[in-house]
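See below for the structure under consideration.
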Amino acid sequence: MRGIAYAIAALAAVIIMMAVAKMPPNAAQPTNEVASAATETVSTEVMADEGTLTLAVPEMHCSVSCYPRVKELLENTEAVETVELAAQKEEGIIDNRQVIVHYKPGFDVGQALTALEQEGFSKSDVVH
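Count the sequence shown with mature numbering (1 follows the signal peptide of the UniProt record, and there is no 0) and you get residues -21 to -1, 1 to 107, in order.
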């Protein structure tokens, strides 16, 4: 009987963790006008040559759900070849919330940042 209770508790914990991981950022948090202005500045930047670009994605907390969403979203953006997670101190734990985007000519930085924002990664920005 006790084993059944533990199994139900473990299942409930997994469901709660999955729900928390998929929750959008808290809408009641104050917005950062400086980050918004930086995004607007970059939004018209279309890359003429191929290259790499590092994006900070502060809301990317886990390697199981968040990073795969960011990777898929960016790789489905026009002119993106690949996206990789920046180096981390420990495998499986995201302590450096940055991704490296390998792009072809015509990559629109603003379009990528807007797509991230619409997916819930609103504070994303280019690392200079």
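The beta carbon of each residue, even a glycine, is placed where N, CA and C say it ideally should be.
It should be emphasised that the depicted structure is a prediction, and the values quoted were computed from it without experimental measurement.
query = Is Ile79 helix, strand or coil by DSSP?
reply = Here residue 79 corresponds to residue number 100 of the sequence shown, with the count starting at 1. Strand.
query = Rounded to a whole number of angstroms, what is the C-alpha to C-alpha distance between Val78 and Asp104?
reply = For this step, residue 78 is matched to residue 99 along the sequence shown. For this step, residue 104 is matched to residue 125 along the sequence shown. Distance between the alpha carbons of Val78 and Asp104 is about 11 Å.
ask   = Is DSSP giving Ile(-6) helix, strand or coil here?
value = On the sequence shown, residue -6 is found 16 positions in, with the first residue counted as 1. Of the three classes helix, strand and coil, the one that applies to Ile(-6) here is helix, per DSSP.
message = Between which two residues does the alpha helix (DSSP H) holding Thr93 run?
response = Working through the sequence shown from its first residue, we reach residue 93 at position 114. First-last of the alpha helix (DSSP H) with Thr93: 88 to 97.
inquiry  = Distance cutoff 7 Å, beta carbons only. Does Ile(-6) sit that close to anything in chain D?
reply    = In the structure shown, chain D does not exist; there is a single protein chain.
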